[in-house]
Structures are given as C-alpha cells and as structure tokens.
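A.B. asks:
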Amino acid sequence: MPEKVCIVPSSELTTVFGKIGRQASYIVCEDLKPGKIVLGCMPALFSNVQEDVDFIIRYPVITLEGHPMHHAAKLVKKYSQAISAEIDIENLLKEVNIEVLDSSAEKLGPNGEKAAKFLAEYTAKQVDKLLLCSRPGLEHSNF
Numbered sequence: 609m610p611e612k613v614c615i616v617p618s619s620e621l622t623t624v625f626g627k628i629g630r631q632a633s634y635i636v637c638e639d640l641k642p643g644k645i646v647l648g649c650m651p652a653l654f655s656n657v658q659e660d661v662d663f664i665i666r667y668p669v670i671t672l673e674g675h676p677m678h679h680a681a682k683l684v685k686k687y688s689q690a691i692s693a694e695i696d697i698e699n700l701l702k703e704v705n706i707e708v709l710d711s712s713a714e715k716l717g718p719n720g721e722k723a724a725k726f727l728a729e730y731t732a733k734q735v736d737k738l739l740l741c742s743r744p745g746l747e748h749s750n751f
C-alpha cells in the first residue's frame, strides 16, 4: 500500500480554476489528510527539481487541472508512467452545478471558496481510494 499520495495542482494563473485547485490542494494537505499528502509543484517539475520528481515517481499522483489542456498531467507524464487521477476542475464543478462567477484567478469569492472546499473533499476521497490500493500503479483512472 502506498503511504502517501502526491497532489499536483495546476499552476494556471489566468483562470479561476487554477486558483481553486491550488486552494483545494492546501485544504487536503493541511486539514483533510495531514501527513498523507505531498504537494508536487509544476514549476519545480519543469525545472527538474529532484524532490518533486521523486514525489511523482514514488507516490500515486492526482493532478488538479485548472486548464482544459491538462498541463499538470502532461508535465507529470514526462517523469512518471501513470497518473492515478486527473481531475478536470471546470468540468467537475459543472457536473455538480457549482458556479464561481463571484471569483477570479486573483481572488476567490464565497462561491469560489465553496468550490475549493468541494474539490478538496472530492480529492480527499480519491486519496482514500489510492491509499487503500494494495498494488499501487495497477488501478489508475480518470475521475
């Protein structure tokens, strides 16, 4: 069983979904699953920082995608063979009818905060599933 899960949030700075993903990753790491999460950093991966490369090789990876091009997943795949989950934030929020019109890439309003909390809880459930896998790397899917 894996001991931790690596979350790689999008570094997308021009959309609200990147901001929501980063906020959600902190909520999961600090509040919902402390000690069970390592945060991967896209700029560090882009710069080949060994610690972040080790995270995505050693642990199951969940990417929180703030851009339709799924930049986080593409970057992770340069170093690792599989991603356990790619969560498309915009599509997920549409599915559950959470609108974030009060928020921007710079600041989350009340609905943006609600979206970040929802995404954090959703992501924490995916973390639980991955931590229960007896053979990490065999059960990969997109959520």
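For what it's worth, this note's numbering labels the leading residue of the sequence shown as 609, then goes sequentially.
Even glycine gets a Cβ: it sits at the ideal position worked out from N, Cα and C.
All values derive from a computational prediction rather than experimental measurement.
1. Counting beta carbon pairs with one atom in the stretch 670 to 683 and one in the stretch 610 to 626, are three or more of them shorter than 8 Å?
2. Excluding the five sequence neighbours on either side, which residues of its own chain have a C-beta within less than 8 Å of the C-beta of residue 685, listed in chain order?
3. Strictly by DSSP, which residues pair up with residue 646?
4. Helix, strand or coil: how does DSSP classify residue 719 here?
5. According to DSSP, is residue 669 part of a helix, a strand, or is it coil?
6. Taking only the alpha-carbon atoms, compute the straight-line gap between residue 736 and residue 639 and give it to the nearest angstrom.
7. Anyone know if the C-beta pair for residue 694 and residue 673 falls short of 8 Å?
C.D. replies: From the atom records:
1. yes
2. Locating residue 685 in the sequence shown gives position 77, where the first residue counts as 1. If we look at residue 685 and ignore the five residues flanking it on each side, its Cβ neighbours are 691.
3. For the purposes of this step, residue 646 is identified with residue 38 of the sequence shown, where counting begins at 1. According to DSSP, which records beta bridges pairwise, residue 646 is partnered with 614.
4. Within the sequence shown, residue 719 is the residue found at index 111, counting from 1. Residue state, collapsed to three classes: helix.
5. Your numbering for residue 669 matches position 61 in the sequence shown. Strand, per DSSP.
6. Against the sequence shown, residue 736 aligns to sequence position 128. Against the sequence shown, residue 639 aligns to sequence position 31. Their backbone Cα atoms lie some 14 Å apart in a straight line.
7. The count along the sequence shown starts at 1 and reaches residue 694 at position 86. The count along the sequence shown starts at 1 and reaches residue 673 at position 65. For residue 694 and residue 673, yes; Cβs fall inside 8 Å.
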